[in-house]
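The structure under discussion appears below in the form of structure tokens.
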Ligand code: CAA
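Numbering (our numbering), first residue to last: 313 to 560.
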């Protein structure tokens, strides 16, 4: 087993939690980084991953704060070693049609979903290049490919992640570092459960597979892309959406 160090932002969230478990099962030492203010959820998370022992630990992080990100990366390096795997899964929605959207709803979504990717990637990349190994996975969304009513902010941020992913992949391609994105469709997470019931039912009815995705199905894709043998997949976007959006 190769105990590479993995950081998962949004690590206690719907997709993040299953991602932490999948990476720990793959023999990684996993740091789940997320808002400490979510105290109740932090405790639930700790209980949920207790059987993994030291393989999964929680660290407080606000991805929009560059200094906070720098402090996290340094703490992880001092305790466990340089970060080899980074999964950017921190994400928020502030859904509303553009005519009603205020500047804070725009700024917050761009800052967390896209700014957070910049902050973390910027901080881990030198260490990955020095190791000659790195795996970065950005959790984007099908709504960054198709757009969604009420999500000009979120769709812009998620589409931006694809451009970032491809540009960064080119910059590090010869250094053993891969950068990819995954575009989950509608999965059974608190974020999707917050969509009004009638709208959610319409969406599910339009998914060819006929159901929401399971977080473990996204986590499995993260584990695949971060495998030591996945070095020839870079700059790619992997759709995991039950056939909701098909393209070539
Ligand atoms: N499609 C088309 N028209 C719609 C619509 C939709 N989905 N939703 C509302 N409308 C219409 C309304 O009927 C209304 O029409 P009238 O003006 O003629 O009455 C008009 O658009 C304006 O509607 P609202 O004033 O209700 O719009 P709003 O600003 O309050 O926003 C909304 C509505 C909250 C965005 C609601 O449509 C919604 O929740 N949509 C779902 C958004 C969604 O799918 N979010 C995904 C979250 S999960 C996620 O993001 C994870 C992931 O990556 C997949």
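Yeah, the Cβ is synthetic: ideal placement off N, Cα and C, and Gly gets one too.
From a predicted model like this one, the values you see are computed outputs, not experimental measurements.
Check: Return the bridge partner residues of residue 490 from the DSSP annotation.; Outcome: 447
Check: Answer with buried or exposed for residue 313, where buried requires no fewer than 16 other C-beta atoms within 10 angstroms of its C-beta.; Outcome: Residue confidence for residue 313 is low, a pLDDT of 44 falling below 50, so the modelled location carries little weight; the figure read from the coordinates is stated next. That one is exposed.
Check: Taking the beta carbon of residue 366 as the centre, do at least 16 other beta carbons fall within 10 Å, making it buried, or is it exposed?; Outcome: exposed
Check: Looking at residue 507 and the ligand CAA, is the gap between the Cβ and the nearest heavy atom below 7 Å?; Outcome: yes
Check: Indicate, with yes or no, if the ligand CAA has a heavy atom lying under 7 Å from the CB of residue 455.; Outcome: yes
Check: For residue 381, collect the residues of the same chain with a Cβ closer than 6 Å to its Cβ; drop the 5 residues on either side in sequence, then sort them by chain order.; Outcome: 431, 432 and 435
Check: Say the cut is 7 Å; is the CB of residue 540 nearer than that to a heavy atom of the ligand CAA?; Outcome: no
Check: Just to confirm, does residue 502 get its C-beta within under 7 Å of one of the non-hydrogen atoms of the ligand CAA?; Outcome: no
Check: Heavy atom of the ligand CAA less than 7 Å from the Cβ of residue 414, yes or no?; Outcome: no
Check: Is the Cβ-Cβ distance between residue 462 and residue 409 less than 8 Å?; Outcome: yes
Check: Is it the case that the Cβ atoms of residue 331 and residue 317 are separated by a distance below 8 Å?; Outcome: no
Check: For residue 488, which residues in the same chain have their Cβ closer than 6 Å to its Cβ, ignoring the five residues on either side in sequence?; Outcome: 444 and 445
Check: In whole angstroms, what is the alpha-carbon distance linking residue 441 and residue 483?; Outcome: 11 Å
Check: Measuring only the C-alpha atoms, how far is residue 467 from residue 388?; Outcome: 31 Å
Check: I'd like to know whether the C-beta atoms of residue 491 and residue 547 end up nearer to each other than 8 Å.; Outcome: yes
Check: Spatial neighbours of residue 550 within its chain, please: CB distance less than 6 Å, with the 5 preceding and 5 following residues excluded, ordered by chain position.; Outcome: 494 and 533
Check: Is the distance from the Cβ of residue 530 to the Cβ of residue 327 below 8 Å?; Outcome: yes
Check: Within its chain, find whatever has a CB closer than 6 Å to the CB of residue 469; leave out the 5 residues flanking it on each side and keep chain order.; Outcome: 421, 422, 425 and 426
Check: Is residue 496 near the ligand CAA, with its Cβ less than 7 Å from a heavy atom?; Outcome: yes
Check: What is the residue span of the alpha helix (DSSP H) that residue 415 lies within?; Outcome: 415 to 422
Check: Can you round the beta-carbon distance between residue 474 and residue 452 to whole angstroms, since I take them to be within the 8 Å contact cut?; Outcome: 6 Å
Check: What residue does the beta strand (DSSP E) around residue 500 start on, and which one ends it?; Outcome: Per DSSP, residue 500 belongs to no beta strand (DSSP E) and is neither H nor E.
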